[in-house]
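The structure appears below as structure tokens.
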Amino acid sequence: MEVTTYIHFAIHVALVIALPPLLLGVINKTKARFAGRVGPPWLQAYYDLFKLRRKGLVLSTTTTWVFRAGPIVALVTALAASLLLPLAGHRAPVAFDGDFVVFAYLLGLGRFFTIAAALDTGSAFEGMGAAREATFSCLAEPAVFFGLLVLAKASDSLSLSEMLGPSISATWGTAGAPLVAILASFLIVLLAENSRIPFDDPNTHLELTMVHEVMVLDHGGPLLGTVVYGAAIKLFLFAALVVGIAAPLGAIDPWLAWPAFVGAMLAVAVLIGVVESVMARLRLPQIPALLLAACLMSAFGVLLLVR
Amino acid sequence: MIDELDLSSWLVVAGVALSLASGLISLSSPRRAAALLVIGCGAAIAGSVLAIAGWTSELDAPWDVPGGRLRVGVDALSAMFVLPIALVSALGSIYAVEYWADGAGARKLRAFYGVLTAGLLLLVVSRNGILFLFAWELMAVAAFITITTEDDRAEVRDVGYVYLLATRIGTLCLFATFALLAAGSNGSLDFDTWRPALHGPLRDAIFVTALVGFGLKAGMMPLHVWLPGAHANAPSHVSAQMSGVMIKVGIYGVARITSLCDQPPVWWGITLVVIGVVSGVLGVGFAIGQHDLKRLLAYHSVENIGIIALGLGVALLGRALGRDDLVVLGMAGALLHVWNHGLFKSLLFFSAGSVVHATGTREIDRLGGLWRKMPKTGFGFLVGAVAICGLPPLNGLISELFVYLGLFRATSGTPGTVWLVAMLAAASLALVGALALACFVKAFGSVFLGAPRSPDGADAHDPGRTMLAPIFVLAALCAAIGVGAPLVAPALDAAIASWAGPRVAPLDVYAPLLTLAAVSGGLLVVLAMWIKYAARPAKQDVPTWDCGYAAPSARMQYTSSSFADMVVRLFAWALRPTRHAPHFTEPFPQHASFESHVPDTVLDRGVRPVFGVIGRAVGRLRPFQGGRLHVYLVYILATLLVLLLWR
Numbered sequence: 001m002e003v004t005t006y007i008h009f010a011i012h013v014a015l016v017i018a019l020p021p022l023l024l025g026v027i028n029k030t031k032a033r034f035a036g037r038v039g040p041p042w043l044q045a046y047y048d049l050f051k052l053r054r055k056g057l058v059l060s061t062t063t064t065w066v067f068r069a070g071p072i073v074a075l076v077t078a079l080a081a082s083l084l085l086p087l088a089g090h091r092a093p094v095a096f097d098g099d100f101v102v103f104a105y106l107l108g109l110g111r112f113f114t115i116a117a118a119l120d121t122g123s124a125f126e127g128m129g130a131a132r133e134a135t136f137s138c139l140a141e142p143a144v145f146f147g148l149l150v151l152a153k154a155s156d157s158l159s160l161s162e163m164l165g166p167s168i169s170a171t172w173g174t175a176g177a178p179l180v181a182i183l184a185s186f187l188i189v190l191l192a193e194n195s196r197i198p199f200d201d202p203n204t205h206l207e208l209t210m211v212h213e214v215m216v217l218d219h220g221g222p223l224l225g226t227v228v229y230g231a232a233i234k235l236f237l238f239a240a241l242v243v244g245i246a247a248p249l250g251a252i253d254p255w256l257a258w259p260a261f262v263g264a265m266l267a268v269a270v271l272i273g274v275v276e277s278v279m280a281r282l283r284l285p286q287i288p289a290l291l292l293a294a295c296l297m298s299a300f301g302v303l304l305l306v307r
Numbered sequence: 308m309i310d311e312l313d314l315s316s317w318l319v320v321a322g323v324a325l326s327l328a329s330g331l332i333s334l335s336s337p338r339r340a341a342a343l344l345v346i347g348c349g350a351a352i353a354g355s356v357l358a359i360a361g362w363t364s365e366l367d368a369p370w371d372v373p374g375g376r377l378r379v380g381v382d383a384l385s386a387m388f389v390l391p392i393a394l395v396s397a398l399g400s401i402y403a404v405e406y407w408a409d410g411a412g413a414r415k416l417r418a419f420y421g422v423l424t425a426g427l428l429l430l431v432v433s434r435n436g437i438l439f440l441f442a443w444e445l446m447a448v449a450a451f452i453t454i455t456t457e458d459d460r461a462e463v464r465d466v467g468y469v470y471l472l473a474t475r476i477g478t479l480c481l482f483a484t485f486a487l488l489a490a491g492s493n494g495s496l497d498f499d500t501w502r503p504a505l506h507g508p509l510r511d512a513i514f515v516t517a518l519v520g521f522g523l524k525a526g527m528m529p530l531h532v533w534l535p536g537a538h539a540n541a542p543s544h545v546s547a548q549m550s551g552v553m554i555k556v557g558i559y560g561v562a563r564i565t566s567l568c569d570q571p572p573v574w575w576g577i578t579l580v581v582i583g584v585v586s587g588v589l590g591v592g593f594a595i596g597q598h599d600l601k602r603l604l605a606y607h608s609v610e611n612i613g614i615i616a617l618g619l620g621v622a623l624l625g626r627a628l629g630r631d632d633l634v635v636l637g638m639a640g641a642l643l644h645v646w647n648h649g650l651f652k653s654l655l656f657f658s659a660g661s662v663v664h665a666t667g668t669r670e671i672d673r674l675g676g677l678w679r680k681m682p683k684t685g686f687g688f689l690v691g692a693v694a695i696c697g698l699p700p701l702n703g704l705i706s707e708l709f710v711y712l713g714l715f716r717a718t719s720g721t722p723g724t725v726w727l728v729a730m731l732a733a734a735s736l737a738l739v740g741a742l743a744l745a746c747f748v749k750a751f752g753s754v755f756l757g758a759p760r761s762p763d764g765a766d767a768h769d770p771g772r773t774m775l776a777p778i779f780v781l782a783a784l785c786a787a788i789g790v791g792a793p794l795v796a797p798a799l800d801a802a803i804a805s806w807a808g809p810r811v812a813p814l815d816v817y818a819p820l821l822t823l824a825a826v827s828g829g830l831l832v833v834l835a836m837w838i839k840y841a842a843r844p845a846k847q848d849v850p851t852w853d854c855g856y857a858a859p860s861a862r863m864q865y866t867s868s869s870f871a872d873m874v875v876r877l878f879a880w881a882l883r884p885t886r887h888a889p890h891f892t893e894p895f896p897q898h899a900s901f902e903s904h905v906p907d908t909v910l911d912r913g914v915r916p917v918f919g920v921i922g923r924a925v926g927r928l929r930p931f932q933g934g935r936l937h938v939y940l941v942y943i944l945a946t947l948l949v950l951l952l953w954r
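For the protein sequence lines, the chains are Y and R, in the order given.
Residue numbering for the first sequence follows this note's numbering, starting at 1 and increasing by one per position.
Residue numbering for the second sequence follows this note's numbering, starting at 308 and increasing by one per position.
The structure is reproduced here in structure tokens:
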């Protein structure tokens, strides 16, 4: 491989490590502006992470090592999955036929351990959050795979790097409608999987109504930092998936694509902030219906493609 | 030289003989029986490894049963099934030494465990219809006796009869299948003469009867009615053997019969894919509603048989449409999943068996916090749970990956019905994966994590070495296939070749997987070390925070039923859960109780009522079945006389 390929890989990894907390900052800033506040600094999430790193760790007597493994596995699997996802139209560092399955299942492994860690505390609140997380992801998964079917069929390949590679700009010309359908579906999944409004409110004060946030109530100090960072990377991954479809950066200059990609990611963060500002949380029983709608939207995408 | 000696076949035959012998010797000593069974299974494993390496062989001897010949052969396809059968049976016999040392009917159990193993081994190497049916019945009857080991319990007797009925109906269908096969190929009952039958007018009838007969054994939905009860109530090592390998002979049967057909119709493949989707989704749906740990595992067998059926279906579609890539991916996925499910399901049943052994209950909602008392068993269960969900880095991912790839490939360049079915199947597989994750994190979390929910497990502890050894061996194998997948590729190649002629399995997916495993393994170690050593030392002297409530008790925990409740409600259209909720009328609630459970819809709402009607209708024939042996002998004599006169 050429040297430039390695430079692109290095940029890929650097972005995955450095950018995610900024997305949280942008979302919060957007929400603050909507509310007429100044809001926390753009880099607040980084400060929080550094602060949490220095804190002590308090563990419940009920917990075992599974409790500590949860956040770590979630972070590692998110980082591993990031190696499979192409950014800015470049090939991902690791690409092979079927990598999309491994991508989804790596995130699944992270979910398994996050839920197990929540159940390890023996708290009813965390059990509640765990049950919701498990149920909602059951509905999100088919939506993702229907969407992947569209991408696979449109690009005639089975690797994420090809699906979201240069061919996507051609697909916009020939099969725009299916892409719009799955884009909408992926946006819904992004909000659901990352516990944003209207599925979950990260800032609510009532534990009974939370999903993700209530699962990590007992994590503190470095473990909480790991949770926050892992969740930020997961948000980054889903946003990058959306950007990969919406902005075919494989068609422009490979070096210019990077700043364009960062700009697009920040735009997605602003979009999430806007959604969170103008919408209220859904009632819990309505959430499955919205996720089913996402599934159906993706399924329509497939039908439109093969019509 | 080895070819002339027919070594691989003799080794497997020796395995059959030694397993039978272990059944007899077991009347004297459990350890000696286990040793003999392990040696026998070792021989069978050696034979199948030889066959996979290319030394396939066949033995043939006359047999005076009409139409029968003592023909056995070990090719790569048979070997793929001999390996897990021998491995799981041998580990089960080691496990049983401590697990069922002198429980109720221990001798009977050991004797028929050997017979069951012998039947299974003989079944997958038979090359003659009569011999096959003989082995089939050996297996079926021995399984009935092992399931009903605790026949003093009414529930056990009930599930035993359901199983017996199911297996009799299955055998009837197989009689029909083999009769049709013989009719289509000049009356011969040898496997290698059946090719014409599968290219003639009878082939659709053959396929349907075979699918029902073998599907009943495999537990494909909706033919699974016997499976959950039988697997839950049998001793755990028998559950492991039945769930891990016995139901796979149904898959073997379908694979063997379809291997004889070069150009199957498209609808065969579609049928199997549809069965796979139904079994997968509803299997895991029913599983998540269960309160009984072993019943939950049993329903997951239905789900995994569904995944295997998906693979087989894709392979058949590939054969029908002349698409080699589908043949290879589908068959590799199906066969590897046969192995994988054999490994992780036995692992889960052994671990669950240890839990039952230590606590005396299978009720998930009475357990909790067992990790502190039995960490080794818990570790085994955790490995099995991660593997069965198809999560990296374990073995389940590899076979599911093949099936996914097969389904995705089947959505392009194929006729309309095929891509529609493949598309829905791919999304259903994703649903199955997510549901399996929810189900197993529930089971693992409720049983091993949190605080104990009842005094049942108060003095629980890890079992002894003979029960832990099989657990560790299986956990290691799950990891080995997950990380060392290229090592099993030659076996898959050979088996696919013996099913459909020479093909090569795609191997380019393994190297990147290894990179990924290495990178994430390294990261994991670094982070774990950091949390453990570099961060400020952890204090562990406070109760769970529980949102400020000062005295949380174990009864306040989320139970496994509450965890599953949302999913069960989503699937209420199929699961039909029954709930007995209290109805409050007064302002101050009185004593109240809540109960919910998920019965088997097919069995309790379909099969039982129908068979009840049949039972009442044929009740008038009861006088003919008075339970006197000499009368039955008269019946047999009369039948023979009638048949002789009729000829």
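Idealized CB from N, CA, C, for every residue including glycine.
Met308 of chain R burial status per 10 Å Cβ neighbour count (16 or more: buried): Within the second sequence, numbered from 1, the residue matching residue 308 of chain R stands at position 1. Reliability of the predicted coordinates at Met308 of chain R is poor, the pLDDT of 42 falling under 50, and no value is obtained from them.
Closer than 7 Å, Cβ to any Cβ of chain R: which residues of the region 270-304 of chain Y, in chain order? Pro288, Val302
Residues that Thr62 of chain Y contacts on chain R, provided the C-beta gap is smaller than 8 Å: Taking the first residue of the first sequence as position 1, residue 62 of chain Y is located at position 62. Residues of chain R passing the Cβ test: Gly676, Gly757, Ala758, Pro850, Thr851.
Any contact of the region 134-143 of chain Y with the region 293-305 of chain Y, i.e. 3+ C-beta pairs under 8 Å? yes
Cβ atoms of Val389 of chain R and Val381 of chain R: under 8 Å apart, would you say? Locating residue 381 of chain R in the second sequence gives position 74, counting from the first residue. Locating residue 389 of chain R in the second sequence gives position 82, counting from the first residue. Yes, they are a contact pair.
Would Pro535 of chain R and His664 of chain R be called neighbours here (beta carbons separated by less than 8 Å)? Within the second sequence, residue 535 of chain R is the residue found at index 228, counting from 1. Within the second sequence, residue 664 of chain R is the residue found at index 357, counting from 1. For Pro535 of chain R and His664 of chain R, no; Cβs fall outside 8 Å.
Taking only beta carbons into account, state which residues of the region 44-73 of chain Y come closer than 9 Å to chain R, listed in chain order. Arg53, Arg54, Lys55, Gly56, Leu57, Val58, Leu59, Ser60, Thr61, Thr62, Thr63, Thr64, Trp65, Val66, Phe67, Arg68, Ala69, Pro71, Ile72, Val73
Where does Gln847 of chain R fall in DSSP's three states? Walking along the second sequence from the start, residue 847 of chain R turns up at place 540. Strand at Gln847 of chain R.
Please check if any C-beta of chain R sits within less than 8 Å of the C-beta of Phe186 of chain Y. The count along the first sequence starts at 1 and reaches residue 186 of chain Y at position 186. Judged by the 8 Å Cβ criterion, Phe186 of chain Y is not in contact with chain R.
Is the Cβ of Thr209 of chain Y closer than 8 Å to any Cβ of chain R? Indexing the first sequence from 1 puts residue 209 of chain Y at position 209. Answer no: the Cβ-Cβ gap between Thr209 of chain Y and chain R never drops below 8 Å.
For Gly477 of chain R, tell me which candidate among R:Thr453, R:Asp499, R:Leu518 has the shortest Cα-Cα distance. Taking the first residue of the second sequence as position 1, residue 477 of chain R is located at position 170. Residue R:Leu518 is the option with its Cα nearest to Gly477 of chain R.
Look at the Cβ atom of Gly640 of chain R, then the Cβ atom of Ser706 of chain R, and state whether they are nearer than 8 Å. By one-based count along the second sequence, residue 640 of chain R stands at place 333. By one-based count along the second sequence, residue 706 of chain R stands at place 399. Yes, the Cβ-Cβ distance between Gly640 of chain R and Ser706 of chain R is below 8 Å.
Would you kindly work out how many angstroms separate the C-alpha atoms of Leu25 of chain Y and Met730 of chain R, rounded to a whole number? Stepping through the first sequence from its first residue, residue 25 of chain Y is reached at position 25. Stepping through the second sequence from its first residue, residue 730 of chain R is reached at position 423. First, the residue type needs correcting, since residue 25 of chain Y is Gly and not Leu in the sequence shown. Distance between the alpha carbons of Gly25 of chain Y and Met730 of chain R: 39 Å.
According to DSSP, is Gly590 of chain R part of a helix, a strand, or is it coil? Numbered from 1 along the second sequence, position 283 holds the residue referred to as residue 590 of chain R. Of the three classes helix, strand and coil, the one that applies to Gly590 of chain R here is helix, per DSSP.
Take the Cβ of Gly926 of chain R as the centre, count every other Cβ of all protein chains shown within 10 Å, and call the residue buried at 16 or more, exposed below. Position 619 of the second sequence, counted from the first residue, corresponds to residue 926 of chain R. Classification of Gly926 of chain R: exposed, given that the 10 Å Cβ count is below 16.
Can you give the beta carbon distance from Gly618 of chain R to His644 of chain R, rounded, assuming they're within the 8 Å contact cut? The count along the second sequence starts at 1 and reaches residue 618 of chain R at position 311. The count along the second sequence starts at 1 and reaches residue 644 of chain R at position 337. Confirmed, Cβ separation roughly 6 Å.
For Val214 of chain Y and Ala758 of chain R, what's the separation of their Cα atoms in angstroms? Numbered from its first residue, the first sequence carries residue 214 of chain Y at position 214. Numbered from its first residue, the second sequence carries residue 758 of chain R at position 451. For Val214 of chain Y and Ala758 of chain R, the distance between alpha carbons rounds to 19 Å.
Please report whether the beta-carbon of Arg350 of chain Y lies at a distance below 8 Å from any beta-carbon of chain R. Nothing can be reported for residue 350 of chain Y: it is not among the residues displayed for chain Y, which extend from 1 to 307.
Have a look at Y:Leu59, Y:Val302, Y:Leu49 and flag the residue whose alpha-carbon is nearest the alpha-carbon of Ala181 of chain Y. Within the first sequence, the letter at position 181 stands for residue 181 of chain Y. That would be Y:Val302, whose Cα lies nearest to the Cα of Ala181 of chain Y.
If I measure Cβ to Cβ from Lys415 of chain R and keep anything under 8 Å in the same chain, skipping five residues before and after, which residues do I get? Along the second sequence, one-based indexing puts residue 415 of chain R at 108. Correct list, in chain order: Ile452, Thr456.
Since Leu224 of chain Y is in the alpha helix (DSSP H), which residue starts that stretch and which ends it? Against the first sequence, residue 224 of chain Y aligns to sequence position 224. From DSSP, the alpha helix (DSSP H) with Leu224 of chain Y extends over 221-246.
Is it buried or exposed, Ala152 of chain Y, if we count other Cβ atoms within 10 angstroms and call 16 or more buried? For the purposes of this step, residue 152 of chain Y is taken as the residue at position 152 of the first sequence. With 16 or more other Cβ atoms within 10 Å, it is buried.
Which runs of the alpha helix (DSSP H) spanning at least 4 residues fall entirely within the region 336-415 of chain R, listed in chain order? 337-359, 383-406
Cα-Cα, which of R:Gly590, R:Ala627, R:Ala486 is closest to Thr516 of chain R? Translated into the one-based positions of the second sequence, residue 516 of chain R becomes position 209. If we check each option's Cα against that of Thr516 of chain R, R:Ala486 comes out closest.
According to the Cβ coordinates, are Ala351 of chain R and Gly322 of chain R closer than 8 Å? Mapped onto the second sequence, residue 351 of chain R falls at position 44. Mapped onto the second sequence, residue 322 of chain R falls at position 15. It is a contact, given that the beta carbons lie within the stated cut-off.
Proximal residues to Thr500 of chain R (C-beta, below 8 Å), its chain only, five neighbours per side dropped: Here residue 500 of chain R refers to the residue found at position 193 when the second sequence is read from its first residue. These residues qualify, in order along the chain: Ser492, Asn493.
With H, G and I counted as helix, E and B as strand and the rest as coil, what does DSSP make of Glu902 of chain R? For the purposes of this step, residue 902 of chain R is taken as the residue at position 595 of the second sequence. Strand at Glu902 of chain R.
Based on DSSP bridge pairs, tell me the residues matched to Arg886 of chain R. Residue 886 of chain R sits at position 579 when you count from the first residue of the second sequence. DSSP lists R:Ser903 as partners of Arg886 of chain R.
Cβ shell of Val463 of chain R (< 8 Å), same chain only, five flanking positions each side left out: For the purposes of this step, residue 463 of chain R is identified with residue 156 of the second sequence, where counting begins at 1. Once the five neighbours on either side are set aside, the close Cβ partners of Val463 of chain R are Ile454, Thr455, Thr456, Glu457, Asn540.
May I ask which residues mark the beginning and end of the beta strand (DSSP E) holding Val532 of chain R? Locating residue 532 of chain R in the second sequence gives position 225, counting from the first residue. Unbroken run through Val532 of chain R: none, as it is neither H nor E.
Taking only the alpha-carbon atoms, compute the straight-line gap between Ser316 of chain Y and Leu149 of chain Y and give it to the nearest angstrom. Examination of residue 316 of chain Y is not possible in this model, given that chain Y is present from 1 through 307 alone.
Can you give me, in chain order, the residues of the region 6-22 of chain Y that have a beta carbon less than 7 Å from any beta carbon in chain R? none
Kindly confirm or deny that the region 94-112 of chain Y and the region 676-688 of chain R touch, where touching means at least three C-beta pairs closer than 8 Å. no
Near-chain Y residues of the region 772-794 of chain R - C-beta to any C-beta below 7 Å: none
In three-state DSSP terms, what is Val58 of chain Y? One-based indexing of the first sequence puts residue 58 of chain Y at position 58. Three-state DSSP puts Val58 of chain Y in a strand.
Cβ-based neighbour list, Ala341 of chain R, same chain, cut-off 6 Å, excluding 5 preceding and 5 following: Position 34 of the second sequence, counted from the first residue, corresponds to residue 341 of chain R. Excluding sequence neighbours, Ala341 of chain R sits near Ser400, Ile401, Val404.
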